[in-house]
Amino acid sequence: MFEVEKWLHSRIGLNFRSGLGRMQRAVDLLGNPEQAYPIIHVTGTNGKGSTIAFMRELFISHGKKVGTFTSPHIVSIHDRICINGQPISDADFIRLANQVKEMEQRLLETHDQLSFFELLTVIALLYFKEQGVDLVLLEVGIGGLLDTTNVVTGEIAVITSIGLDHQETLGNSLEEIAEQKAGIFKQGRAAVIANLAPEAQLVCQKISEDLDVTLYQADRDFSFKSGVFSSSIANLSRLKLGLEGTYQEENAALALQAFLLFMTERGEKVNEEAIRRALETTSWAGRLEAVTEHIYLDGAHNLPALERLVEFIQEKIQQGYQPQILFGALKRKDYSGMLGYLTDHLPDTALYVTSFDYQGSLEEQDLSDYHRVASYRDFIDDFEKSAGEKDLLFVTGSLYFISEVRAYLIKT
Numbered sequence: 001m002f003e004v005e006k007w008l009h010s011r012i013g014l015n016f017r018s019g020l021g022r023m024q025r026a027v028d029l030l031g032n033p034e035q036a037y038p039i040i041h042v043t044g045t046n047g048k049g050s051t052i053a054f055m056r057e058l059f060i061s062h063g064k065k066v067g068t069f070t071s072p073h074i075v076s077i078h079d080r081i082c083i084n085g086q087p088i089s090d091a092d093f094i095r096l097a098n099q100v101k102e103m104e105q106r107l108l109e110t111h112d113q114l115s116f117f118e119l120l121t122v123i124a125l126l127y128f129k130e131q132g133v134d135l136v137l138l139e140v141g142i143g144g145l146l147d148t149t150n151v152v153t154g155e156i157a158v159i160t161s162i163g164l165d166h167q168e169t170l171g172n173s174l175e176e177i178a179e180q181k182a183g184i185f186k187q188g189r190a191a192v193i194a195n196l197a198p199e200a201q202l203v204c205q206k207i208s209e210d211l212d213v214t215l216y217q218a219d220r221d222f223s224f225k226s227g228v229f230s231s232s233i234a235n236l237s238r239l240k241l242g243l244e245g246t247y248q249e250e251n252a253a254l255a256l257q258a259f260l261l262f263m264t265e266r267g268e269k270v271n272e273e274a275i276r277r278a279l280e281t282t283s284w285a286g287r288l289e290a291v292t293e294h295i296y297l298d299g300a301h302n303l304p305a306l307e308r309l310v311e312f313i314q315e316k317i318q319q320g321y322q323p324q325i326l327f328g329a330l331k332r333k334d335y336s337g338m339l340g341y342l343t344d345h346l347p348d349t350a351l352y353v354t355s356f357d358y359q360g361s362l363e364e365q366d367l368s369d370y371h372r373v374a375s376y377r378d379f380i381d382d383f384e385k386s387a388g389e390k391d392l393l394f395v396t397g398s399l400y401f402i403s404e405v406r407a408y409l410i411k412t
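Residue numbers for the sequence shown follow UniProt numbering, beginning at 1 and rising by one.
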């Protein structure tokens, strides 16, 4: 597996965002595995992983064999490619990687090498076909319109949120970003979208009309409030969520609507008790994840995600908890804006900033204005030794940082 990971990592940054022609040719050469199963295609600035996690559990609870392709990974690269929550094995990964290597020799006659994300995507698409899944929940890498995954035709497109992130790639306005996200809408299919900002909503509306897409919008066509889900398909009550944070109701609403659409289109019955159990047992690594009694990990890596985290921390403060924040981020992100938001909205919460073992993470010279922690490992160890009943530590700032801290905590 080491050789496969080395091969994959050699492609990071290669041929990024250079159109879909190469990827389309790759899946054609492989016999179009993406056509072997229905796909729910998921994009959004934040909330993609949680929404997919809810959908995964809903479909599993109804006897479906569910493939999921998500990114980035929190623990292992295998976690990106799962069936019913179980990661692909080393043996399957290696075998399919070799199959893709052989295909790439033919691809190189007309196109450049595949990128890191393209390689992972084609391995996933092949694996899901080979394993005979009932459906695939496919997460977009960046944007949608020009994303590697957009060689597929999703039966249902889901947009979880639209905010300012990856502006260098997607555009500097919500309208431009919405145009990219709605690029996964497919002719005559369905789309389920969050309650977006008006300017983003208008873009989605126009694109859906142009493509004859049936558009379902949160808080207009369906809603989830205080454990009650309402839509034209079903009304459900007494719902509890396994993922913490009031905002998770928005992700659960999208998941439920997409799940119900998929099932009803096929004339399949749904079981209310199975739905309740599925939502209540949903988990997702690195998203408001309580890894110990006193430590939460949350991969808030942009301002919209950080706003959600702050809401949750404020809820905890109202409940009498005393939180601290340990922040680690990448230089290329708007870390100063994120840190400013934390200090403005949580002025009485201790904020510590640190570096971690990833190329491009913040360094000492970037952190002069903040309370810097030299070693996050020592800081966490000291916190755990001294934590009282109401003490909480929130580790956040980057999914890469979260991944590293999570591995450390589980190891210790």
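Quick reminder that beta carbons are idealized off the backbone N, C-alpha and C, glycines included.
For Ala36: DSSP bridge partner residues: Residue pairing by DSSP places Ala36 in no beta bridge whatsoever.
CB-CB length for Leu279 against Leu241, believed under 8 Å: That belief holds up - the Cβ atoms of Leu279 and Leu241 are roughly 6 Å apart, short of 8 Å.
CB of Ile162 within 9 Å of CB of Gly299, strictly: It is not a contact, given that the beta carbons lie outside the stated cut-off.
Distance between beta carbons of Ala157 and residue 413, contact taken as under 8 Å: Outside the displayed range of the chain (1 to 412) lies residue 413, so it cannot be described from this structure.
Element boundaries [beta strand (DSSP E), containing Phe224]: 222-225
Anticipated Cβ contact below 8 Å, Phe327 with Thr396, distance rounded: 6 Å
Outcome for Ile410 when other beta-carbon atoms lying within 10 angstroms are tallied against a minimum of 16: exposed
Proximity to Gly286 [Cα-Cα], best of His301, Ala200, Pro347: His301
Nearest-angstrom beta carbon gap, Ala258 and Met55 [assumed within contact, 8 Å]: 6 Å
Straight-line Cα distance separating Asp219 from Leu202: 15 Å
Three-way DSSP call (helix, strand, coil) for Pro347 in this model: Residue state, collapsed to three classes: coil.
Inter-residue CB distance, Leu288 and Leu243 (contact presumed, cutoff 8 Å): 7 Å
Nonlocal neighbours in the same chain, by C-beta distance under 6 Å from Val228, ignoring five residues either side: Ser237
Rounded separation between Phe69 and Leu135 - CA only: 11 Å
Uninterrupted beta strand (DSSP E) stretches inside the segment 3-70 (no shorter than 3 residues): 39-43, 66-69
CB of Gly183 within 9 Å of CB of Asp212, strictly: The answer is no: Cβ separation not under 9 Å.
First through last residue of the alpha helix (DSSP H) which encompasses Glu139: Boundaries for Glu139: no alpha helix (DSSP H) harbours it, while the beta strand (DSSP E) harbouring it runs 135-139, taken from the DSSP string.
Identity of the residue in Leu303, Lys333, Gln131 nearest Gln88 by Cα: Looking at the sequence itself, residue 88 is Ile, so the reference to Gln does not match. Looking at Leu303, Lys333, Gln131, the one whose alpha-carbon comes closest to that of Ile88 is Gln131.
Outcome for Thr51 when other beta-carbon atoms lying within 10 angstroms are tallied against a minimum of 16: buried
Cβ-Cβ separation, Leu126 to Leu30 (assumed contact under 8 Å), whole Å: 6 Å
Contact between the segment 34-52 and the segment 140-157 (3+ Cβ pairs under 8 Å): yes
Coarse secondary structure for Arg361, derived from DSSP in three states: Before going on, a small fix: residue 361 reads as Ser here, not Arg. In this structure, Ser361 counts as strand in the three-state DSSP scheme.
Contact under 9 Å by Cβ, Val353 with Tyr370: yes
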